[in-house]
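Q:
Numbering (the working numbering), first residue to last: -12 to 172.
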């Protein structure tokens, strides 16, 4: 009777060696893809700002001024990568001196590879922002000296990588935070 028994230590060594080879191949493939593609961050800038509507309310009970406004922004997006990037619709919160003053809504848009001039229309909604608190937190002398107002934009967005018109995978950009300065001249 020819019964061959396999040594379990030898079998586990083969399995570990096989898994090590697979990990190395996947790692090298990823490394070479990163070297070939060389991903860059997309660049965004504000092209145009239009105030479409504004309304100032005076609350006589507690002497506060409330401003509501709709502002249209046109953003310019540049993508210097070898692949396209699609961004899902997003909402960003706008803060001034720690006070929530508005919300930015950006629709879904696509940046083709090697694009320089993609226009992205968006809206800024200021709903009953307390103008009295904003003025109280910022002295007018500071604004006149600096000639600018500082804001903070916070939010998150989802990005999709597109290669040859095929959506490959999704990247979650967590806690996008941007400090902005608006020149008042």
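A virtual CB, placed ideally from N, CA and C, is assigned to each residue, including glycine.
Could you have a look at residue 50 and say whether DSSP puts it in helix, strand or coil?
A: What you label residue 50 is simply residue 63 of the chain shown in a count that begins at 1. Coil at residue 50, not helix or strand.
Q: Leaving aside the five residues before and after residue 114 along the sequence, list all residues of the same chain whose C-beta is less than 6 angstroms from its C-beta, in chain order.
A: Here residue 114 refers to the residue found at position 127 when the chain shown is read from its first residue. Around residue 114: 55.
Q: Expressed to the nearest angstrom, what Euclidean distance is found between the alpha-carbon atoms of residue 50 and residue 81?
A: If you number the chain shown from 1, residue 50 lands on position 63. If you number the chain shown from 1, residue 81 lands on position 94. Rounded to whole angstroms, residue 50 to residue 81 spans 24 angstroms at the Cα level.
Q: Does the distance from the C-beta atom of residue 109 to that of residue 60 stay below 7 angstroms?
A: Counting from one through the chain shown, the residue named residue 109 turns up at place 122. Counting from one through the chain shown, the residue named residue 60 turns up at place 73. In contact: residue 109 and residue 60 (Cβ atoms closer than 7 angstroms).
Q: From 111, 93, 98, pick the residue whose C-alpha is nearest to that of residue 66; which is it?
A: In the chain shown, counting from the first residue as 1, residue 66 sits at position 79. Residue 66 has its Cα closest to that of 98, out of 111, 93, 98.
Q: If you draw a straight line from the alpha carbon of residue -12 to that of residue 153, how long is it in whole angstroms?
A: Counted from its first residue, the chain shown places residue -12 at position 1. Counted from its first residue, the chain shown places residue 153 at position 166. Caution applies to residue -12, whose pLDDT of 49 falls short of 50 and renders its modelled position unreliable; the model cannot decide the point.
Q: Is the segment 2 to 9 touching the segment 72 to 81, taking contact as three or more C-beta pairs under 8 angstroms?
A: With a cut-off of 8 angstroms, the segment 72 to 81 and the segment 2 to 9 do not count as touching, because too few Cβ pairs lie within range.
Q: Starting from residue 86, follow the beta strand (DSSP E) in both directions and report where the run begins and ends.
A: The count along the chain shown starts at 1 and reaches residue 86 at position 99. Residue 86 -> beta strand (DSSP E) spans 86 to 93.
Q: Tell me the rounded alpha-carbon separation between residue 38 and residue 112.
A: As a position in the chain shown, residue 38 is number 51, starting the count at 1. As a position in the chain shown, residue 112 is number 125, starting the count at 1. One C-alpha to the other measures close to 10 angstroms.
Q: Note down the Cα distance separating residue 140 from residue 62, rounded to an integer number of angstroms.
A: Numbered from its first residue, the chain shown carries residue 140 at position 153. Numbered from its first residue, the chain shown carries residue 62 at position 75. Using only the alpha carbons, I get a separation of about 15 angstroms.
Q: Just checking my contact of residue 144 with residue 74 at CB under 8 angstroms: how many whole Å lie between their CB atoms?
A: As a working mapping, residue 144 is identified with position 157 in the chain shown. As a working mapping, residue 74 is identified with position 87 in the chain shown. Between residue 74 and residue 144 the Cβ distance is about 6 angstroms, and since that is below 8 angstroms, they are a contact.
Q: Could you check which residue in 86, 90, 70 has the C-alpha nearest to that of residue 102?
A: Within the chain shown, residue 102 is the residue found at index 115, counting from 1. Nearest option by C-alpha distance: 70.
Q: Is it right to say residue 83 is buried, meaning 16 or more other beta carbons lie within 10 angstroms of its own, or is it exposed?
A: Within the chain shown, numbered from 1, the residue matching residue 83 stands at position 96. It is buried - the Cβ of residue 83 has at least 16 other Cβ atoms within 10 Å.
Q: Going by the CB atoms, is the gap between residue 146 and residue 91 shorter than 7 angstroms?
A: For this step, residue 91 is matched to residue 104 along the chain shown. For this step, residue 146 is matched to residue 159 along the chain shown. For residue 91 and residue 146, no; Cβs fall outside 7 angstroms.
Q: Which same chain residues end up closer than 7 angstroms to residue 29 when comparing Cβ atoms and leaving out the 5 residues on each side of it in sequence?
A: As a working note, residue 29 is residue 42 in the chain shown. Taken in chain order, the residues that qualify are 64, 65, 66, 72, 98.
Q: Count the other CB atoms, across all protein chains shown, that sit within 10 Å of the CB of residue 89; report buried if there are 16 or more and exposed otherwise.
A: Translated into the one-based positions of the chain shown, residue 89 becomes position 102. Residue 89 should be labelled buried.
Q: Just mark residue 93 as buried or exposed, buried being the case when its beta carbon has 16 or more other beta carbons within 10 Å.
A: For the purposes of this step, residue 93 is identified with residue 106 of the chain shown, where counting begins at 1. Residue 93 should be labelled buried.
Q: If you count every other CB in all the chains shown that lies within 10 Å of the CB of residue 116, and 16 or more means buried, which is it?
A: The count along the chain shown starts at 1 and reaches residue 116 at position 129. Buried.
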